[in-house]
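Enquirer: If you read the sequences in order, they're chains A and B. For the first sequence, the residue numbers in the working numbering are 48 to 194. For the second sequence, the residue numbers in the working numbering are 8 to 296.
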Amino acid sequence: MKRKSLVLLIAVFCCSSVAYAHHSFALFDRSKLTTLSGTVREWKWANPHTWLTVVVRKADGADEEWALVGSSPNMMSRWGWNAADIKVGDKVVVDIHPARDGKTIGELHTVFLTDGKVLADPGGQTGEALAGGPANLPAKPQGEPYK
Amino acid sequence: MKRVPAYALRNEAAPIRCACVCSLVALVVMAQPGDARAAAVPQSKEQQAKAWRDIAALPDFWQGTWQSVSPIADDFPTPPDYTSAALSYIKDYKPVEDSPFTNCKPLGLPFAMNIGGMPMKFFQSPGMIALYIESSGMTRFIHTDGREHSERPNPTYLGESIGHWEGDTLVVDTLGFAPDTLFQMGKLDKKTLAQGDPSPLAGVIFGSHGPNLRLVERMRLADFNTLEIQTTIYDDSVFKKPYSLPPRRFIRGIERRNESQEWACTDNRDYLDPNGKLEYNVKDKAQSR
């Protein structure tokens, strides 16, 4: 871990070690948020992790496939997610934690659906937050737009 | 509740079935305590009703579910008194770079109690308390019928658990573990760790437990919404004397959100190749996350 992100990481992780049990801790940079806009290619609702595959059309017209890992259906359903919320072909806007090495993969943070529904991934939240349900959902994406 | 051997409890059958009971008693007396072949006697309706009334007054572990609010890894605030074998293992130990449980293999005890993220649920019926650990999809069966441990319990991920109440504290004694249950034997000195390591497993020393691993868990309600579980580890291949961990805490969830769900782990071999391409259900490639 680089020192420059230490402060933010402490803020993010000091109280949040409960819910990353089955996740890798190395692949994604949880100090960063990137916003993707794209079309759903696949939505796999399965334990231990969900996977959302999104096709993103870049500014130069090229299509890029992003594989985004979420936390477990068990945890997500407790935070208001439903397997039927997302269908192949849907347009979505997604805030993700990007890969450290720049690959087109990420960890789900928040999904914004076209009907206005906002779904936050409970991964990394405290036990109190998991038991209490989502709070203070963002109205709009918070990440750095990906072009 | 006083600990009474199981065979003593079974001798309460109604006199009207004397002939049958006499022969069963003979069988029971011959059987060793904790022997799975020991004869079990069906309880009468009245006996069963009384048994349910008796357990109804026990501390309320039963409403809702319990969500861990403790970190995944155990803290070892007092340095354990390690055996020389453990000390030499720790001397050469390299911390795991990543989660050791990104697959679906059962963790077993003791670590299955640590995972959290998904709540646990207690159930009870006369003679047994069950604890469903959703994050592993496994249920612990804690015998409260006064039995003794089996002489030769077969190794299992959750071991053989026998519980009894000491006042308001449920004391659970467990042994008979499979050799590959995930075992944390300590924590590295903070000074040796990379600064700002985001992993909740930073500094955790995982290792093998010994064949005599035995856990004694003391479970009690600190208040209606808080369950505390304090575990003492007996393992003479790792610790010279039993090590008492600080209590872990769980909060009660009553809302439907917190109800138990199935956990069917689908082998978790989603594999991202070096180009970031995703494959599902891969069983023979190394994990990349």
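All residues carry an ideal CB built from backbone N, CA and C; glycine is no exception.
1) Taking only the alpha-carbon atoms, compute the straight-line gap between B:P254 and B:E235 and give it to the nearest angstrom.
2) Compare the C-beta of A:A93 against all C-beta atoms of chain B and say whether one is closer than 8 Å.
3) Is it the case that the Cβ atoms of B:Q191 and B:A80 are separated by a distance below 8 Å?
4) Between which two residues does the beta strand (DSSP E) harbouring B:Q54 extend?
5) By the 10 Å Cβ neighbour count, where 16 or more other Cβ atoms means buried, how is A:W92 classified, buried or exposed?
6) I'd like the span of the alpha helix (DSSP H) that includes B:Y96, first residue to last.
7) Need the endpoints of the alpha helix (DSSP H) that A:A178 sits in, please.
8) Please decide whether A:G180 counts as near chain B, where near means a Cβ-Cβ distance under 8 Å.
9) Taking A:P185 as the reference, which of A:L160, A:G174 and A:Y193 has the closest Cα?
10) One question on the structure: do A:N121 and B:E141 come within less than 8 Å of each other, judged by their Cβ atoms?
11) List the residues that DSSP assigns as beta-bridge partners of B:D81.
12) At least one CB of chain A closer than 8 Å to the CB of B:T273: is that the case?
13) Which same chain residues, not among the five before or five after B:P162, have their C-beta less than 8 Å away from its C-beta?
14) Give a yes or no on whether the minimum CB-CB distance between A:R88 and chain B is below 8 Å.
15) Would you call A:I133 buried or exposed, if buried means 16 or more other Cβ atoms sit within 10 Å of its Cβ?
16) B:M145 by DSSP, collapsed to three states: which one?
17) I need the straight-line Cα distance from A:A106 to A:W126, nearest angstrom please.
18) Is B:V76 close to chain A, meaning its C-beta is less than 8 Å from at least one C-beta of that chain?
19) State yes or no: is the C-beta of A:V87 within less than 8 Å of the C-beta of A:V140?
20) So the candidates are A:P169, A:G108, A:N94 and A:W113; which of them puts its Cα closest to the Cα of A:V102?
21) My parser needs the beta strand (DSSP E) runs of 3 or more residues fully inside the segment 94-130 of chain A; what are they?
22) When you compare each of B:L222, B:D242 and B:C272 to B:M2 by their alpha carbons, which one comes out closest?
23) Are B:Q74 and B:P126 touching if we call contact CB-CB under 8 Å?
24) Does the beta-carbon distance from A:T100 to A:E111 come in below 8 Å?
25) Report all residues from its chain with a CB closer than 7 Å to the CB of A:M123; omit the five preceding and five following residues, and keep chain order.
26) With a cut-off of 8 Å on the beta carbons, I'd call A:T82 and A:G190 a contact; round off their distance for me.
27) Hey, B:Y164 and B:G115: beta-carbon distance below 8 Å or not?
28) Is the Cβ of B:G123 closer than 8 Å to any Cβ of chain A?
29) Under a three-way DSSP split, which group does A:D132 fall into?
30) My output table needs one value for A:R88: the three-state DSSP class, helix, strand or coil.
31) Quick one: give me the first and last residue of the beta strand (DSSP E) that B:G214 is part of.
32) Locate the beta strand (DSSP E) running through B:M120, then write down its first and last residues.
33) Taking only the alpha-carbon atoms, compute the straight-line gap between B:C271 and B:T146 and give it to the nearest angstrom.
34) Considering only their Cβ atoms, is the gap separating B:I261 from B:L252 smaller than 8 Å?
35) What is the rounded straight-line gap between the Cα of B:L220 and the Cα of B:P117?
36) Using the C-alpha atoms, what's the distance from B:R225 back to B:I62?
Expert: Based on what the coordinates show:
1) Counting only the Cα atoms, B:E235 lies some 6 Å from B:P254.
2) Cβ-Cβ to chain B under 8 Å: yes for A:A93.
3) Going by C-beta atoms, B:Q191 is nearer than 8 Å to B:A80.
4) Run containing B:Q54: none in the beta strand (DSSP E); it sits in the alpha helix (DSSP H), K52 to A63.
5) Flag for A:W92 reads buried.
6) For B:Y96, the enclosing alpha helix (DSSP H) starts and ends at S91 to K98.
7) Per DSSP, A:A178 belongs to the alpha helix (DSSP H) from G174 to G179.
8) Closer than 8 Å: yes.
9) Nearest C-alpha to A:P185: A:L160.
10) For the pair A:N121 and B:E141, the CB atoms are nearer than the 8 Å cut-off.
11) According to DSSP, which records beta bridges pairwise, B:D81 is partnered with nothing at all.
12) B:T273 counts as touching chain A.
13) Cβ neighbours of B:P162 within its own chain (closer than 8 Å, five residues either side excluded): G183, F184, A185 and P186.
14) Chain B contact via Cβ: absent.
15) Taking all protein chains in view, the Cβ of A:I133 is crowded by 16 or more other Cβ atoms within 10 Å, so the residue is classified as buried.
16) Note: B:M145 maps to strand in three-state DSSP.
17) Approximately 34 Å, taken between the alpha carbons.
18) Answer yes: the Cβ-Cβ gap between B:V76 and chain A drops below 8 Å somewhere.
19) For A:V87 and A:V140, no; Cβs fall outside 8 Å.
20) Taking only the C-alpha atoms, the option nearest A:V102 is A:W113.
21) The qualifying runs are 98-104 and 110-116.
22) This structure does not reach residue 2 of chain B, given that chain B is present from 8 up to 296, and the question cannot be answered.
23) Yes, these two residues count as a Cβ contact at 8 Å.
24) No, they are not a contact pair.
25) T97, G117, D168 and P169.
26) Between the beta-carbon of A:T82 and that of A:G190 there is about 4 Å, and that keeps the pair under the 8 Å contact cut.
27) Yes. Within cutoff.
28) Residue-level contact check: B:G123 touches chain A, since one or more beta carbons of chain A fall below 8 Å from its beta carbon.
29) Helix at A:D132.
30) In the structure shown, the three-state DSSP call for A:R88 is strand.
31) Start and end: V211 to G214.
32) Judged by DSSP secondary structure, B:M120 falls outside any beta strand (DSSP E); it is assigned neither H nor E.
33) Contrary to the premise, residue 271 of chain B reads as Ala rather than Cys in this sequence. Those two C-alpha atoms are separated by around 13 Å.
34) 8 Å or more divides the Cβ of B:L252 from the Cβ of B:I261.
35) Those two C-alpha atoms are separated by around 10 Å.
36) Each residue's alpha carbon lies about 18 Å from the other.
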